[in-house]
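Counting in my numbering, the final residue of the sequence shown is number 422, and the numbers go up one at a time with none missing. A virtual CB, placed ideally from N, CA and C, is assigned to each residue, including glycine. Fair warning: this is a prediction, and the values are worked out from it, not measured in the lab. Below is one structure, written out as structure tokens; comments come after it.
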Amino acid sequence: MKNIAKIGIIFMVALLAACQSEYDVIENGVFLTDAQKSQSKKVTIDDTGAKTVISSRLGTMMTTDVTVEYGTDATALQAYNQKNGTDYQLLPEKFYSFSESTTTIKAGEIGSSPTNLIIKPFDETIDTTKKYAIPVAIVNANGAEKLLSSSSLIVLLDQIIVTTVPYLANGNAISIVPEPMIEGLSSWTLEWNLCMDAFNRNNVTQWTIKGADGKNNIYTRFGDVTCEKNQFQAKIGSGKPQSITRFTANKWYHLALTYDGTNIRFYVDGVLDFTTPHALPGEVFEMKEIGFANSVNTAYTLKGSISELRVWSVARSQAEISNNMYVVSPQTPGLEVYWKCNEGSGTIIKDYSSHQRDGKLVKEATWKTGVRFPDDGE
Numbered sequence: 045m046k047n048i049a050k051i052g053i054i055f056m057v058a059l060l061a062a063c064q065s066e067y068d069v070i071e072n073g074v075f076l077t078d079a080q081k082s083q084s085k086k087v088t089i090d091d092t093g094a095k096t097v098i099s100s101r102l103g104t105m106m107t108t109d110v111t112v113e114y115g116t117d118a119t120a121l122q123a124y125n126q127k128n129g130t131d132y133q134l135l136p137e138k139f140y141s142f143s144e145s146t147t148t149i150k151a152g153e154i155g156s157s158p159t160n161l162i163i164k165p166f167d168e169t170i171d172t173t174k175k176y177a178i179p180v181a182i183v184n185a186n187g188a189e190k191l192l193s194s195s196s197l198i199v200l201l202d203q204i205i206v207t208t209v210p211y212l213a214n215g216n217a218i219s220i221v222p223e224p225m226i227e228g229l230s231s232w233t234l235e236w237n238l239c240m241d242a243f244n245r246n247n248v249t250q251w252t253i254k255g256a257d258g259k260n261n262i263y264t265r266f267g268d269v270t271c272e273k274n275q276f277q278a279k280i281g282s283g284k285p286q287s288i289t290r291f292t293a294n295k296w297y298h299l300a301l302t303y304d305g306t307n308i309r310f311y312v313d314g315v316l317d318f319t320t321p322h323a324l325p326g327e328v329f330e331m332k333e334i335g336f337a338n339s340v341n342t343a344y345t346l347k348g349s350i351s352e353l354r355v356w357s358v359a360r361s362q363a364e365i366s367n368n369m370y371v372v373s374p375q376t377p378g379l380e381v382y383w384k385c386n387e388g389s390g391t392i393i394k395d396y397s398s399h400q401r402d403g404k405l406v407k408e409a410t411w412k413t414g415v416r417f418p419d420d421g422e
């Protein structure tokens with residue numbers, strides 16, 4: 045019995061020592077300041093490039109100087125992509141640099157002086173259909189332990205896209221009859237960028253998708269007798285869910301509507317607006333006709349600009365939606381129709397997916413040039 049008691053005491057002492065050792069490491073750890081709050085930060089880059097501040101902090105003040113060396117960690121980016129369902133590419137090294145690759149946290153201080161991460165403007169070697177990131181990391185720390193959970197920070201680069209968009213009015217619309225029709229859809233996603241002149245009428249048509257034999261129809265609009273004119277509504281079977289968001293005229297929005305076999309979800313600028321159960325869970329959809337805007341009834345016609353119209357045969361996740369609002373790789377699995385709507389002239393809207401489902405305008409649109417995404421007011 046005494047031996048058992050002694051063993052128990054020895055075990056507790058060892059456990060306390062281990063806990064104390066772990067505590068000391070955390071207390072004496074060095075980490076990236078921004079990584080303490082979030083694993084990533086977004087930086088917008090335009091034709092002049094960009095920069096963002098990087099700094100380090102200690103868990104507790106030290107009596108000696110701590111030297112920190114900055115670099116990148118490709119494995120951290122791989123882990124981020126795997127965790128979030130994203131496909132960020134490592135930005136080539138020639139496009140970024142640190143104003144200082146090392147920094148010192150002085151004895152008796154808690155934080156380092158700021159270091160600039162300088163990002164150069166992208167050139168023609170950058171594939172604009174892909175998203176890029178810089179996995180900033182503490183690659184070496186002299187005088188303190190790296191706090192692994194916060195020793196890397198994924199800098200996500202939001203490139204300003206400057207493009208041309210069509211303005212639709214007076215019954216203009218885009219449509220296609222896919223041959224063969226798209227069928228067997230146990231899930232799907234619709235995405236589009238939209239800027240409306242006004243929200244002053246009911247039943248302003250967005251997507252109209254007709255299934256085989258008049259079944260499985262998807263109809264989306266702004267305004268109805270059951271909702272306000274600046275509310276979005278999706279009419280799918282017997283369900284008519286409507287947005288919480290009230291939309292503002294002359295403002296660009298990214299919108300996404302998804303179906304995963306059970307629920308309908310609607311996102312505004314990558315943020316979930318509503319989730320509602322589908323009236324017929326497990327329903328499988330066909331897409332015999334795909335259209336955007338209304339050319340039949342001018343009372344319901346769209347008056348506004350559009351960009352980046354996409355149809356998917358998968359339910360995109362919130363991360364996939366929010367990280368690809370203004371550009372997406374045409375090779376992404378599940379992409380059935382991809383109308384960038386950047387032609388600048390003509391009535392044919394090219395499909396950038398692998399399926400060659402070009403859309404056709406009813407008539408020539410008015411084209412607006414120099415439109416920036418995200419809309420930064422420039």
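Beta-carbon proximity check, residue i vs residue j, cutoff 8 Å
i	j	result
tryptophan 383	aspartate 395	yes
glutamate 327	asparagine 260	yes
serine 219	glycine 403	yes
proline 285	phenylalanine 318	yes
isoleucine 253	glutamate 333	yes
leucine 121	leucine 102	no
alanine 177	isoleucine 205	no
alanine 151	aspartate 202	no
valine 180	leucine 324	no
alanine 363	threonine 130	yes
leucine 353	leucine 212	no
threonine 111	threonine 169	no
leucine 200	tyrosine 297	no
valine 415	threonine 92	no
isoleucine 226	methionine 369	no
alanine 293	methionine 240	yes
threonine 159	serine 143	yes
glycine 390	serine 357	no
valine 406	asparagine 216	yes
proline 222	cysteine 385	no
valine 87	isoleucine 182	no
Candidates the options, of which the one nearest residue i by Cα
i	options	result
phenylalanine 310	Ala177, Ser357, Trp236	Trp236
glycine 73	Leu192, Val183, Leu135	Leu192
leucine 161	Tyr140, Tyr132, Leu234, Ala177	Tyr140
aspartate 173	Thr249, Pro374, Gly335	Sequence check: residue 173 is threonine here, not aspartate. Of the candidates Thr249, Pro374, Gly335, the one whose C-alpha sits nearest the C-alpha of threonine 173 is Pro374.
serine 194	Phe318, Pro325, Ile334, Ala79	Ala79
serine 196	Thr108, Val97, Thr116, Met369	Thr116
serine 366	Ala300, Phe142, Lys95	Ala300
isoleucine 288	Tyr132, Tyr263, Thr320, Lys295	Thr320
serine 100	Met331, Tyr114, Gly305, Asn386	Tyr114
glutamine 275	Thr107, Ile262, Ala242, Gly258	Ala242
alanine 256	Pro224, Gln250, Lys407, Asp268	Pro224
valine 371	Asp171, Thr159, Ile262, Thr96	Asp171
isoleucine 89	Pro165, Lys81, Val406	Pro165
asparagine 214	Thr413, Pro418, Glu408	Glu408
arginine 290	Lys273, Thr302, Gly305	Lys273
glycine 388	Asn244, Ala94, Thr104, Ile350	Ile350
serine 157	Asn184, Ile98, Lys190, Glu137	Ile98
asparagine 244	Leu234, Thr104, Phe266	Phe266
valine 269	Gln277, Tyr263, Ile262	Gln277
glutamine 83	His399, Met106, Tyr124, Gln400	Tyr124
threonine 104	Lys190, Ala94, Ile308	Lys190
serine 145	Ala185, Lys295, Thr376	Ala185
For residue i: DSSP bridge partner residues
i	result
tyrosine 382	Arg354
phenylalanine 401	Reading the sequence as shown, one finds arginine at residue 401 and not phenylalanine. Paired residues: none, contrary to the question.
glutamate 235	Ala300, Arg354
arginine 101	Phe75, Gly155
arginine 416	Val206
aspartate 395	Trp383
aspartate 6	Outside the shown range of the chain, which is 45 to 422, sits residue 6, and nothing can be said about it.
glutamate 408	DSSP, once it has assigned bridges, lists no residue as partnering glutamate 408.
glutamate 113	Thr146, Asn184
proline 179	Ile198
glutamate 189	Gly73
lysine 85	Val199
leucine 435	This structure cannot settle anything about residue 435, because the visible part of the chain is limited to 45 through 422.
tyrosine 211	Ser349, Thr410
phenylalanine 336	Ile218, Trp251
leucine 121	Note: leucine 121 sits in no beta bridge, so no partner.
methionine 240	Gly348
isoleucine 226	Met331
| query | On the three-pair Cβ rule with 8 Å, is the stretch 225-232 touching the stretch 276-287? | reply | no
| message | Would you call the stretch 304-314 in contact with the stretch 335-352, where contact means no fewer than 3 C-beta pairs closer than 8 Å? | response | no
| At which residue ranges does the stretch 246-333 contain complete beta strand (DSSP E) runs of 3 or more residues, listed in the order of the chain? | 248-254, 262-268, 271-280, 297-303, 307-312, 315-321, 329-331
| Which whole runs of the beta strand (DSSP E) in the stretch 124-175 are 3 residues long or more, in chain order? | 140-142, 146-149, 159-163
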